[in-house]
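The next block holds one structure in the form of structure tokens; read it before the comments.
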Amino acid sequence: MGLFNSKNKRNQFAGNSAESRRMLHKNLEFTATEQYKLIRANLDFTLPVDEKCPVIGVTSSMRGEGKSTTAVNLSYVFAEKGSKVLLIDADLRIPSIAKKLDIESTPGLADLLRGKSTHISGLKQHLLDNWYVLPSGDIPPNPSELLGSNRMKNILDQLREMFDYIIIDLPPVNIVSDAVSISSLISGMIVVIREEYTEKKELEHCFRQLKLSNVNVLGCVMNGSKSGS
Numbered sequence: 131m132g133l134f135n136s137k138n139k140r141n142q143f144a145g146n147s148a149e150s151r152r153m154l155h156k157n158l159e160f161t162a163t164e165q166y167k168l169i170r171a172n173l174d175f176t177l178p179v180d181e182k183c184p185v186i187g188v189t190s191s192m193r194g195e196g197k198s199t200t201a202v203n204l205s206y207v208f209a210e211k212g213s214k215v216l217l218i219d220a221d222l223r224i225p226s227i228a229k230k231l232d233i234e235s236t237p238g239l240a241d242l243l244r245g246k247s248t249h250i251s252g253l254k255q256h257l258l259d260n261w262y263v264l265p266s267g268d269i270p271p272n273p274s275e276l277l278g279s280n281r282m283k284n285i286l287d288q289l290r291e292m293f294d295y296i297i298i299d300l301p302p303v304n305i306v307s308d309a310v311s312i313s314s315l316i317s318g319m320i321v322v323i324r325e326e327y328t329e330k331k332e333l334e335h336c337f338r339q340l341k342l343s344n345v346n347v348l349g350c351v352m353n354g355s356k357s358g359s
């Protein structure tokens, strides 16, 4: 398990929307962009070489650690190098990807999982020709059951045929069981930690849960770290 560093100096999304947008994709400052590219390189070495389309989950132990921002930026840098990439908002309780990217949240993943849509038609091209987003859709009453269902497996199987990488934003492990319910369907998980914010006991509990669920932890991202620390 590696520790990947994302040097964002301010608390992400603590300010107004203009400040928030500075922490996303093409608006990132050079240092942060290079850190995400380093994470991308580390993942290329960590993921199985023969896997056609790795599915990477991004989670955290608690809310406010920057997991959704990490998922957005990581998917963007994979697309920047020419890969066809899909970002999925699977945080079906408190989704944020659509709001961050200023796109419609429906139709989306939840609609597919509930059978309201029979075709994968909610994919939205964003900024780059090879970067796509599947938003959350309408919030369902049973997210954990939906994410661990055969329908979710079938959807991912279809999407694997269409993309080179799939990045999934998942809820925090310690709050709900959604992230671990999908563990058997993904290649591995990244755990996001925020410096001077994440509580040690929360992180320990998070890793216990992941271990019990046999989750393949690809590494950790230390978010919000200060230069020189």
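Just so you know, the working numbering puts 331 at position 201 of the sequence shown, and the rest follows in order with no gaps. Just so it is clear, CB atoms sit at the ideal spot from N, CA and C, and this is done for glycine as well.
Cβ pair residue i, residue j closer than 7 Å
i, j, result
"VAL345", "GLY196", "no"
"ASP294", "CYS183", "yes"
"LEU239", "ARG281", "no"
"SER205", "VAL215", "yes"
"ASN304", "CYS350", "no"
"LEU217", "VAL263", "yes"
"GLU332", "SER190", "no"
"ASP221", "PRO271", "no"
"GLY187", "MET352", "no"
"ARG170", "VAL202", "no"
"TRP261", "ALA209", "yes"
Bridge-paired residues (DSSP) for residue i
i, result
"GLY238", "In the DSSP output, where bridge partners are listed per residue, GLY238 has none listed."
"ILE285", "In DSSP, ILE285 forms no bridge with anything."
"ILE323", "MET352"
"ASP219", "ASP299"
"LEU264", "ILE218"
Buried versus exposed, by CB contacts within 10 Å (16 or more), residue i
i, result
"ASP287", "exposed"
"MET292", "exposed"
"ILE224", "exposed"
Pairwise C-alpha distance: residue j and residue i
i, j, result
"LYS156", "SER235", "21 Å"
"PRO265", "LYS356", "31 Å"
"GLY194", "LEU342", "24 Å"
"LEU253", "ASP241", "12 Å"
"SER213", "SER313", "24 Å"
"LEU168", "SER317", "19 Å"
If you scan the stretch 283-318 from start to end, which runs of the beta strand (DSSP E) of 3 or more residues do you find wholly inside it?
Segments of the beta strand (DSSP E) lying fully in the stretch 283-318: 295-299.
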